[in-house]
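Participant:
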Amino acid sequence: MDLVEETLRNRPLVNSRGSKFPHEVPPRLHIPQIKLQPLQPASQMFGPWYNECDQLVQLAELHDKRSQQFESWYVSQCLSKKPPGMAMTMLSPSRRE
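Read in full-length UniProt numbering, the sequence shown has 28 at position 28, and its numbers run on one by one without any break.
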């Protein structure tokens with residue numbers, strides 16, 4: 001006999017359903033039925049998510065407008081008081097040696 005056959009012969013046979021299987025059948029396991037709730041309409045389900053996205057878009061637009069407001073304020077308050085050449089970076093102060 002080879003090693004595999006010898007190993008199989010030394011192992012006892014075990015029935016996975018129990019030693020009294022044909023005569024005493026174990027009771028079936030009762031699993032309660034899972035009931036899923038019906039799906040909501042898409043507008044109701046995704047409505048809060050759409051609102052959240054709209055709020056984020058509005059905040060991004062507000063952020064962009066604030067930077068534009070700052071740019072216009074800076075041009076009117078600071079750059080308007082400088083000579084036009086300095087505002088366009090064409091003129092620069094001369095170095096004194």
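Every residue gets a Cβ at the ideal spot worked out from N, C-alpha and C, and that includes glycine.
Note that the coordinates shown come from a computational prediction; the quantities given were computed from them, not determined experimentally.
1. Write down the C-beta distance between Pro26 and Gly18 rounded to the nearest angstrom, noting that I regard them as a contact closer than 8 angstroms.
2. Excluding the 5 residues preceding and the 5 following Val4 in the sequence, name in chain order all residues of the same chain whose CB lies nearer than 7 angstroms to its CB.
3. Does Arg11 come out as helix, strand or coil in the three-state DSSP assignment?
4. Between Pro41 and the rest of its own chain, which residues show a CB-CB distance below 7 angstroms, the 5 nearest in sequence each way excluded?
5. Tyr74 to Leu62, Cα distance in whole Å?
6. From Ser16 to Pro38, what does the alpha carbon distance come to, in whole angstroms?
7. Can you give me the C-alpha to C-alpha distance between Asn10 and Glu24, rounded to a whole angstrom?
Facilitator: Taking the definition as stated:
1. 6 angstroms
2. none
3. coil
4. none
5. 18 angstroms
6. 40 angstroms
7. 27 angstroms
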